Every structure is written in C-alpha cells, then in structure tokens.
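The listed protein sequences correspond, in order, to chains A and B.
When you read off a place in the first sequence, starting at 1, and then add 107, the result is the number in the working numbering.
When you read off a place in the second sequence, starting at 1, and then add 13, the result is the number in the working numbering.
All remarks here apply to the structure that follows.
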Amino acid sequence: AQTVTQSQPEMSVQEAETVTLSCTYDTSESDYYLFWYKQPPSRQMILVIRQEAYKQQNATENRFSVNFQKAAKSFSLKISDSQLGDAAMYFCAYRRSSGTYKYIFGTGTRLKVLA
Amino acid sequence: DGGITQSPKYLFRKEGQNVTLSCEQNLNHDAMYWYRQDPGQGLRLIYYSQIVNDFQKGDIAEGYSVSREKKESFPLTVTSAQKNPTAFYLCASSQTGADTQYFGPGTRLTVL
Numbered sequence: 108a109q110t111v112t113q114s115q116p117e118m119s120v121q122e123a124e125t126v127t128l129s130c131t132y133d134t135s136e137s138d139y140y141l142f143w144y145k146q147p148p149s150r151q152m153i154l155v156i157r158q159e160a161y162k163q164q165n166a167t168e169n170r171f172s173v174n175f176q177k178a179a180k181s182f183s184l185k186i187s188d189s190q191l192g193d194a195a196m197y198f199c200a201y202r203r204s205s206g207t208y209k210y211i212f213g214t215g216t217r218l219k220v221l222a
Numbered sequence: 014d015g016g017i018t019q020s021p022k023y024l025f026r027k028e029g030q031n032v033t034l035s036c037e038q039n040l041n042h043d044a045m046y047w048y049r050q051d052p053g054q055g056l057r058l059i060y061y062s063q064i065v066n067d068f069q070k071g072d073i074a075e076g077y078s079v080s081r082e083k084k085e086s087f088p089l090t091v092t093s094a095q096k097n098p099t100a101f102y103l104c105a106s107s108q109t110g111a112d113t114q115y116f117g118p119g120t121r122l123t124v125l
C-alpha cells in the first residue's frame, strides 16, 4: 500500500527567509502524481504545487518549488522569501496516475512565519 | 463561479441522531470524496465515488454512509453508529483522468 510521510510536525521560518518542508512516500508504481496543499486558518485546502512523476523537471510556482527525487521517493517543498501569509498547515499528497483515483495524504507540517 | 459548496458550515448533533452533510459541485467533475480531519492530524478518506451510482469505502467508512444519485451531489450521512463523530469534514472533487483534487470549505460537526 502507498504511504506518505511528513516527518516534521512543525517548522518555523523568519519572514523573507527560505524554508524546506520534507515529504517521503512509498509506492511500487512508476507513474503517479504528487501534490502540496496548503491549509490556512480558514481551513480551506488550497493546491500549492503539483508534480507528475514521469517529468524529471522540478515544478515551480512563483515562490514555491519542489525537489523531486524519484529514486529516493522524496518530494520536498521549498518556500522562498517567506511571507506572513504562508503560515499554514502544509500537506503532501500522492495519487496513482491510473486506476482508482484515491489520494493519500501525509499528516501535515505546521509552518510558522516569524516577523 | 465554479466550485464546491458544503453546507452547513457548522453543525451540532445530539448523541444518537443521524445527520447529513451536503456537498455540491458545479465543476462537472466525475469523482467526489469525503475526508475527515481531526485536530493536528491529516486527512483520512471516508468514502469516494468515481462515477454516478457507484462509490467505494475509504479507510474509515464505519459509521458513515453516502449516496451518489447525481453527478454534482455527494451527501455524507453520519450515523449514530459512528462512535466519535466530532471532527472537521472536507468534501473534494476531481475530474477523471485529471490529477488535481479541489476542496470545499468544510463542515465542522460537533456532537453535544
């Protein structure tokens, strides 16, 4: 069975600094998708970034980028120039590319941004 | 605007009562999902449906039931058999063949 692990329950970063959130996963599939979702205090889940496993190039979205290491089954999120609005819970998620459309979520990392 | 709506935002239930949470989407998505989130924890899948009139149990289906009679609607019933129903419930949807899942704003259920 697929699993997603986020080993950092909580992280802190100074405003304007860079922080990296870790995520590892376990799967026997070769084709899949990986995601980072943000859940601010409003509790609305917001997609931050997605990665297709067959693409070697790391995804980027403005200040957000990932370091996707397929062989190591690692999918970390880097937030550059951190802003107060980045404070939230961040969830890593996995989904197979075919078959059942079931998503597997990690337990989340709470990010605090210090002014 | 296209999106997912959940109602009500807050719901209170007495012990022993069944209660139904609403989830509606106008994104024309085929797949819909229900998750439960407890304080400080991640999302746990309750039920999901990939097509109308069909649904599958997730990891924590006991004490819950769903129906999928229409593509845009996927209501979740929390039955009296659910031992600890107080939680935050999230509904989501995705397009078959597409990868990204979109979420509703959630319903906070409290059992009194």
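From the three backbone atoms N, C-alpha and C, an ideal C-beta is built for every residue, glycine too.
Predicted model only: the values in this text are computed from it and were never measured.
Here the segment 123-138 of chain A makes contact with the segment 188-195 of chain A; the two share three or more CB pairs at distances below 8 angstroms. Between B:G53 and A:G213, the alpha-carbon positions lie close to 12 angstroms from each other. Only those residues of the segment 41-64 of chain B whose C-beta falls short of 9 angstroms from the nearest C-beta of chain A are listed: D43, A44, Y46, Y48, Q50, G53, Q54, G55, L56, R57, L58, Y61 and Q63. Note: A:A166 is not bridge-paired with any residue in the DSSP secondary-structure output. With a beta-carbon spacing of about 16 angstroms, B:F68 and B:R57 fall beyond the 8 angstroms limit used to define contacts.
In the three-state reduction of the DSSP assignment, B:D72 falls in the coil class, being assigned neither a helical nor a strand state.
Excluding residues up to 5 positions away in sequence, S93, V124 and L125 lie with their Cβ nearer than 8 angstroms to the Cβ of B:E28 in the same chain. Per the C-alpha coordinates, the member of B:N31, B:W47 and B:D43 positioned closest to B:Q19 is B:W47. Rounded to the nearest angstrom, the Cβ distance from A:K145 to A:Y197 is 6 angstroms, consistent with a contact under 8 angstroms. For chain A, the residues of the segment 93-124 of chain B that bring a beta carbon within less than 8 angstroms of one of its beta carbons are F101, L103, A105, S107, T109, D112, T113, Q114, Y115, F116, P118 and G119, in chain order.
Taking B:T99 as reference, the option from B:H42, B:Q50, B:N39 and B:K70 with the minimal CA-CA separation is B:Q50.
Under the 10 Å beta carbon count, B:Y23 is surrounded by fewer than 16 other beta carbons and is classified as exposed.
Out of A:A194, A:T167, A:Q151 and A:I211, the CA that lies nearest to the CA of A:S183 is found in A:T167.
If you look at B:M45, you'll find it in the beta strand (DSSP E) that goes A44 to Q50. Within the same chain, Cβ atoms closer than 7 angstroms to the Cβ of A:K177 are found at A160, the five residues on either side in sequence being excluded. If the five residues before and after A:V111 are omitted, its C-beta is found closer than 7 angstroms to the C-beta atoms of C130, Y132, C199, A200, Y201, I211, F212 and G213, all from its own chain and listed in chain order. About 7 angstroms separates the beta carbons of B:C36 and B:S86, which is inside the 8 angstroms limit, making them a contact pair. Here B:L125 carries a coil assignment [DSSP, helix/strand/coil]. Short of 7 angstroms from the beta carbon of B:K70, and not among the five residues preceding or following it, lie these beta carbons of its own chain, in chain order: Y60. Judged by DSSP secondary structure, B:Q38 falls within the beta strand (DSSP E) whose first and last residues are V32 to Q38.
Chain B has no Cβ within less than 8 angstroms of the Cβ of A:T167.
Under the rule that a run must span 3 or more residues, the beta strand (DSSP E) segments found entirely inside the segment 127-151 of chain A read 131-133 and 139-146.
Taking the CA atoms as reference points, A:M118 sits about 15 angstroms from A:P147.
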